[in-house]
Every structure is written in structure tokens, then in C-alpha cells.
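Just so we're aligned, residue 811 is where the sequence shown starts under the working numbering, counting upward by one. Read through the structure below, which is laid out as C-alpha cells, and then see the notes.
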Amino acid sequence: MSAHPLLEVDGLRVAVRRDGTALTVLDGVSFAVGAGQCLGIVGESGCGKSLTLRAAMGLLPPGIEPTGGEIRLSPRAGAAPCAVPPGQAAGRGLAMVFQDSHASLDPTARVGAFIADIVRRRTATSRAAARRRAVELLASVGVPDPALRFGAYPHELSGGMRQRVAIALALATDPRVLLCDEPTTALDVTLQAEILRLLDAARADRGLGMVFVSHDIAVIRQIADVVAVMYAGQIIEMGPAPDVLDRPRHPYTRALIDAVPTIDGPIGRFRPIAGSPPAPADYTPACRFMARCAHHVAACSGPVPGVGGLDSRHRSSCVNTLEAR
Ligand SMILES: Nc1ncnc2c1ncn2[C@@H]1O[C@H](COP(=O)(O)OP(=O)(O)OP(=O)(O)O)[C@@H](O)[C@H]1O
Ligand SMILES: [Mg+2]
């Protein structure tokens, strides 16, 4: 990582407002991403992965709001990150790719014209130059016949092709950090591998910082340098990918890894995690995984804060960490 990270998410707290009360759904989430680095965020459904990206981007749904923390973005390569006023990260160096490409494309606009429009708004260039740039962007994400596909509507494209277009659209804003929310989950395995390669190449070629969210630990293993494991609105383990994935310290991370069947692993090793995570209304300061954990001890009932941070040191929130046994 260069001297300064490009993006810092520091102590992010987010709440859902319902019937006059605020239910905390993200609780002190912190991480940093440097140029050319990919932070993978993994965790079960509902743990807060999407809200983390949406909060960073300033795209929270109505009724959900940040209640604490700061988003900092580097204004240019090599510069220290500065606080971004809430909701203003888009267009200032952050772009997002969603699981559902329909979420980013306009069904009534030809895909090339939509991208060219974004290029024009950003760079105040001529219509012809913006069109050329859009065709280049479509080519760069592997859209065959980009000049022809320029005129297509989103519904005329296959899911994989639409996801490529959504990536081109994100790149059209010339981001320094790309936030990817399960961009391959809706695709079949072959397309999934192609899109992963494409994103990885975009990161390497452009020195992009990347945050890649997935519930699939195998995908995270392929793409991430640093891994943050989320559980019930907190980061519970974080560190360099090989440390977290090969030498996990938190029983939840261990369980997530054991829940993935491997081709060369021993037969019968595959074990889904029993039970389900608590709902936000049941979040407490104690360890939120305790009820599902075979290793819990008395100290797990005390306050167990999340362990996100702005450096990538390997750390776990488990008070009875696996390493200590
Ligand atoms: N629009 C909403 N209104 C109310 N609660 C919400 C809303 N969106 C998310 N939540 C709640 O916030 C928590 C985090 O949701 P989030 O969508 O970030 O999870 P996730 O990790 O992305 O899950 P998935 O893997 O299913 O995409 C969940 O408890 C969810 O129920
Ligand atoms: Mg999600």
C-alpha cells in the first residue's frame, strides 16, 4: 500500500429508524484501502455488507442513516484522505458496482449513450469525444463489437454483458476506489470467473483501490489481499488474506471456511453453520456469535467490541481466540 490509503471508513455507525426508535445495524465498522489493493468483506446474509458500501457511497435507502463515524477519501494519488461530507462520495473518486446490473443502468437509455453522458458531464468534452471514450470503455471491459453494442438497451444484453456494461459505467467516472457489492453472485460460474478477472485487471491497470463484498469465501480468496469478516453489523476478524483464510482466529471465520466444500478436502469436512445470526433488535455488547459458538467462555458475555481498523494487522474480536487454544 502507498503511504496514504485512498479510502478510510472510520468508526461507521448506521441505524434504521423505525417507529421513532433507531436500530443500530452497523456498529463501528472501520477499514482502509490503498492503491491497487483489494479489501474483501465476507459474511452471512444480513450482516451489513451492502449497507457498509452504501453508507460509504452515500447511497443509503430512505429511513437508514449514518449515526457516527467518518468517510475519508484521498483527493488525488499520494495525498492524505480528507473527510467527505455525508452523501458526497459518488463522483469524488468512489464508484459502485451492484449485484443487479439493472440497479445502475437506465432501462430507457441506450447503454453507450448513457456512458457517454456520464463522460461528458465529468469532462465537459465534445459529444464525439465522449462517444469515442464510451466505446473504448465498452471495449476495455470485454464487450465484443462495442461500436455496435453502444446502441443496445440494457434488456437486449445478457446478464454477463450487462454486468460488463455496469463496470464500464462505474469506470466512466474515473474512480480511485471501486466498491463491488456481490458483482458476480447472479452469474453462472464461467461468467463469474470472467468478471472477477476483469475487475482484477481494472484494479491492476488503473491502480484502483477495491472493496469487494461477497458471502462466498471462495470468491474472496481469489480476489482479496486483505479480508474483513463481518458478523451482525461488526467486523469480527480482519487481516492479510492468507492469515485470515488459512489461520483464522475467530470461530465464526473458522466455521465460514469449514462450510465451503473443497475438492481436495477430506470428505465430510463440509459443515454448514448451525443456527442463524441475531436480528439487529437483538444485538448486544456481548459477543454476537456466542449462541452459535462451541468455544464460548464466561468472558464472551462481557463487552466484545468489533475489531475493524485502519491498518491490516491480523486481529480477531474473539476473547477466546482460536490461536490461544
Ligand atoms: N431497507 C432496509 N430497511 C430496514 N432494514 C434494512 C434495510 N436494508 C437492510 N436492512 C437491515 O440491515 C442489516 C444489514 O443489511 P445488509 O443488506 O447490509 O446485509 P448484507 O450483509 O448485504 O446481506 P446479503 O448477503 O443478504 O446481501 C440487516 O439486518 C437488514 O435486515
Ligand atoms: Mg448485500
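Note that the Cβ used here is the ideal one computed from N, Cα and C, for glycine as well.
Residue i beta carbon near ligand 1 (any heavy atom closer than 7 Å)
| i | result |
| --- | --- |
| Pro1090 | yes |
| Cys857 | yes |
| Val835 | yes |
| Arg1025 | First, the residue type needs correcting, since residue 1025 is His and not Arg in the sequence shown. Flag set: Cβ of His1025 near ligand 1. |
| Ile874 | yes |
| Val826 | yes |
| Pro1082 | no |
| Pro871 | yes |
Rounded C-alpha distance that separates residue i from residue j
| i | j | result |
| --- | --- | --- |
| Ile851 | Glu966 | 32 Å |
| Ala893 | Arg974 | 31 Å |
| Arg902 | His1106 | 44 Å |
| Met906 | Val929 | 16 Å |
| Val1029 | Ala1012 | 17 Å |
| Arg931 | Glu818 | 27 Å |
| Arg1064 | Val1039 | 11 Å |
| Pro1090 | Leu822 | 16 Å |
| Leu958 | Met971 | 13 Å |
| Cys990 | Thr918 | 24 Å |
| Asp1053 | Arg1031 | 11 Å |
| Thr1094 | Ala1069 | 26 Å |
| Arg807 | Val1117 | Examination of residue 807 is not possible in this model, given that the chain is present from 811 through 1135 alone. |
| Pro954 | Val1036 | 33 Å |
| Met867 | Arg941 | 27 Å |
| Val843 | Gly1049 | 12 Å |
| Arg886 | Ala982 | 17 Å |
| Ala980 | Arg828 | 33 Å |
| Ala1014 | Ala890 | 21 Å |
| Asp1121 | Ala962 | 44 Å |
Residue i: CB within 7 Å of a non-hydrogen atom of ligand 2
| i | result |
| --- | --- |
| Ser860 | yes |
| Glu854 | no |
| Asp991 | yes |
Beta bridge counterpart(s) of residue i as assigned by DSSP
| i | result |
| --- | --- |
| Phe841 | Val819 |
| Val894 | Answer is none; Val894 lacks a bridge partner. |
| Phe1022 | Gly850 and Cys990 |
| Glu786 | One cannot answer for residue 786 here, as it falls past the ends of the chain, which runs 811 to 1135. |
| Val907 | Cys990 |
| Leu836 | Val824 |
| Arg1125 | Met1048 |
| Val1036 | Leu849 and Pro1050 |
Where residue i sits in the DSSP three-state scheme
| i | result |
| --- | --- |
| Tyr1041 | strand |
| Gln973 | helix |
| Phe924 | helix |
| Gly830 | coil |
| Pro1050 | strand |
| Glu875 | strand |
| Leu981 | helix |
| Ala900 | strand |
| Ala779 | Because the chain spans 811 through 1135 in this model, residue 779 falls outside it and cannot be assessed. |
| Arg886 | coil |
| Val929 | helix |
| Val945 | helix |
| Ser860 | helix |
| Ile1067 | helix |
| Met811 | Low confidence applies here, because Met811 scores a pLDDT of 46, under 50, leaving its location unreliable; read the following figure in that light. In this structure, Met811 counts as coil in the three-state DSSP scheme. |
| Ala957 | helix |
| Tyr1062 | helix |
| Ser950 | helix |
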